[in-house]
Structure formats: C-alpha cells, structure tokens
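Okay, so here's the structure we're looking at.
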Ligand code: NAP
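Numbering (this note's numbering), first residue to last: 62 to 350.
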C-alpha cells in the first residue's frame, strides 16, 4: 500500500494564513530580524525565503548582513542592539557561524523572549524541563505535521536518527512531552537498521543521502525526513530512499515540500507569539513569558 504523503506546503500555507489573519488585526505589527554572517549561498536562499514568508504574513522584516571576518564584539553589538530595538520581536541568527566566532556567546546574547528559534540555553533548558517556551522551529514543525495527520506519538516507539542540538535532541524532548518512547541514534549506534525497524515513527536528520532504505523501515511506519541533501544529479533529497520506503510506510514526508516549509511557517508563528507577549509588556527571561 502506498504511503500518504504528508503535505508540508499545504500545512505551511494554512499556518501562515492563520498568522496573517491575526497580524492583520494587530495595531503594532510583529517584527523579525535575521543576522547573517558571511556569504554562504544556502543561507542566502533561506534568507530570501524568510523575507517572503514575513511579507506574506504582514510581519516587518530586516536582515543584518555582516562580513565573514566580523569580529565577535561587533556581532554581539548587533544582537544587543536588536535586543533593545522596539518593533523587533524575534531575532534569528544563521548558525553555524564562521570558526572564529563563538556560537555559545552569541546564543547567550539573544534575549530569551526574542529567541524565536530556541537557541538560548535558558530556553533549551525550559524545553527540556517541560516549561513553556518557544519550540525550535524544525522539531516543532515535525510535531505540527504529526498533529495535522492525527498521528498521536503517545504509546509509540520513535527512532530519531541524529542528535544535533537543533534537530535530534530537541525533537526527542518534544516527543517525550507527548508521551512517546524515543530512541536517539547517531554515528556510533551499533545497529542503526535494527533501531529503525523498531520504530512506529521514524524521523531522520542525518544529512546522508540514501541512508534509510526500505529494509530498515517497519511496515506501516510513519517516516519523517528532515534532511535536505543533494543527490548525484544535484537534486534536493532527504536521507530516505523515498520511492521504495513510500511503498512500505503509512505516512511519509517528501523532500522538498515536507518538513522545510512547516519549519518556516512555525518561525512566523513564534514571531507572532513573541509580539503578542511583548504587547502585554512581557519581556526578559522565559519565566515571565
Ligand atoms: P548535523 O549537526 O550534521 O547532525 C547530524 C546528525 O546525524 C549527527 O548527530 C550525526 O551523528 C548523525 N548521523 C550522520 N550520519 C549518520 C549515520 N550514517 N548514521 C547514524 N547517524 C548519523 O546536522 P543537523 O544540523 O541536525 O541537520 C541534519 C539534516 O537536517 C541536514 O540535512 C540539514 O540540512 C537538515 N535540516 C533541515 C531542516 C529543515 O527545516 N528541514 C532544518 C535543519 C536541518 P554524530 O552526532 O555521531 O556525528
């Protein structure tokens, strides 16, 4: 039986329309700033996408482009400026930063109530503790996709391939919050195929084309491919051998058109949430959100 394709574009359009309708009613529009260091072409594409999303939702948007060799104090000054800047509710820094810059110092510098992608350690801590905070956009996007297709993670086994700070670890935390039983795999996992075969929900974010083949997937599993890779022909693809796995899974996300658009839509939603909280005078640490 062919899997149901989880349509991330349709869900993203729905989320963005909901944001747009709320923004339309607001006197002060939400604002987002993106900070880009260097000339990474992929980052430029993401930036253009975010600008377009903000335009569609009625969110004010600006980009701060800094040279590849920007000194750390200058970058931190930009963040501090944005922290204080009225009208900017969300700050998004494109990670990873060039080698000479300290990711952690930058993450710590972002005011937690403007940290719309959950990179500040206090927000990451709250996520782990189950306290209200912004959910990081990509794992939150996966949760939205599951909810959209009425897939309840409770009482299910999930295998998460990847343990990065931006996808695998927070994804595991969000699934735990929804009563899922989660196994997190990485390059030192002794038998990745066996871990994957146990999964009712298999999520992969390894960045490795062709990693997940049909023999690694349980009949009827939900397969979510977060990765964005290029195949031999230079086409975008994920980690999953899509055609073969789609014949075995019950649900599957395409790449592109799966998790990616929902990630971007969640960023719009988080920015709206930040603006609504700022409108109520809520600033500072997440404990006041
Ligand atoms: P990352 O920091 O490179 O992490 C990759 C993770 O996968 C690591 O934990 C690594 O294990 C694990 N891994 C790699 N190869 C593996 C293998 N053969 N077997 C088992 N585990 C393996 O990457 P990331 O930033 O999390 O991104 C992952 C992918 O998702 C990339 O393709 C990226 O482009 C994509 N992505 C998509 C979105 C979206 O919105 N759709 C957002 C963010 C990222 P170790 O820890 O042992 O090295």
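Every residue, glycine too, gets a C-beta built ideally from N, C-alpha and C.
Whole-Å CB distance - residue i paired with residue j, under 8 Å assumed
| i | j | result |
| --- | --- | --- |
| residue 333 | residue 84 | 6 Å |
| residue 265 | residue 300 | 4 Å |
| residue 242 | residue 218 | 5 Å |
| residue 206 | residue 72 | 6 Å |
| residue 234 | residue 188 | 5 Å |
| residue 97 | residue 127 | 7 Å |
| residue 274 | residue 305 | 7 Å |
| residue 303 | residue 322 | With 8 Å as the limit, residue 303 and residue 322 do not qualify as a contact, their Cβ atoms being about 17 Å apart. |
| residue 197 | residue 231 | 5 Å |
| residue 238 | residue 186 | Incorrect: roughly 14 Å between the Cβ atoms, too far for contact. |
Under the three-state DSSP convention, the category residue i falls into
| i | result |
| --- | --- |
| residue 94 | strand |
| residue 138 | helix |
| residue 357 | Because the chain is modelled from 62 through 350, residue 357 falls outside the range shown and cannot be assessed. |
| residue 12 | No answer is possible for residue 12: it lies beyond the span of the chain, which begins at 62 and ends at 350. |
| residue 144 | helix |
| residue 357 | With the chain represented from 62 up to 350, any question about residue 357 goes unanswered, as that position is not in the structure. |
| residue 291 | strand |
| residue 312 | strand |
| residue 228 | coil |
| residue 212 | coil |
| residue 78 | helix |
| residue 102 | helix |
| residue 158 | coil |
| residue 347 | With a pLDDT of only 44 at residue 347, under 50, the local geometry of the prediction cannot be trusted, and the value read off the model is given with reservation. The answer is helix: DSSP assigns residue 347 an H, G or I state. |
| residue 83 | helix |
| residue 115 | helix |
| residue 89 | coil |
Residue burial classification, residue i (beta-carbon count within 10 angstroms, cutoff 16)
| i | result |
| --- | --- |
| residue 94 | buried |
| residue 103 | exposed |
| residue 349 | For residue 349, the predicted structure reports a pLDDT of 35, less than 50, and the residue's modelled location is therefore unreliable. A value from the coordinates is still provided. By the 10 Å Cβ count, residue 349 comes out exposed. |
| residue 69 | buried |
| residue 154 | buried |
| residue 175 | buried |
| residue 184 | buried |
| residue 100 | exposed |
Endpoints, the beta strand (DSSP E) within which residue i is located
| i | result |
| --- | --- |
| residue 221 | 218-222 |
| residue 127 | 121-127 |
| residue 151 | 151-154 |
| residue 245 | 242-246 |
| residue 263 | 262-265 |
| residue 286 | 283-286 |
Under 8 Å between C-beta atoms of residue i and residue j
| i | j | result |
| --- | --- | --- |
| residue 121 | residue 151 | no |
| residue 328 | residue 164 | no |
| residue 224 | residue 245 | yes |
| residue 351 | residue 63 | Outside the modelled stretch of the chain, which goes from 62 to 350, sits residue 351, for which no answer is possible. |
| residue 287 | residue 180 | no |
| residue 228 | residue 200 | yes |
| residue 282 | residue 310 | yes |
| residue 81 | residue 117 | yes |
| residue 284 | residue 297 | no |
| residue 267 | residue 76 | no |
| residue 67 | residue 210 | yes |
Continuous alpha helix (DSSP H) stretch holding residue i: start and end
| i | result |
| --- | --- |
| residue 320 | 320-340 |
| residue 167 | 164-170 |
| residue 187 | 182-190 |
| residue 203 | 198-209 |
| residue 257 | 253-258 |
| residue 275 | Unbroken run through residue 275: none, as it is neither H nor E. |
| residue 131 | First-last for residue 131: undefined, no H or E at that position. |
| residue 177 | Where residue 177 is concerned, there is no enclosing alpha helix (DSSP H), given that its DSSP letter is neither H nor E. |
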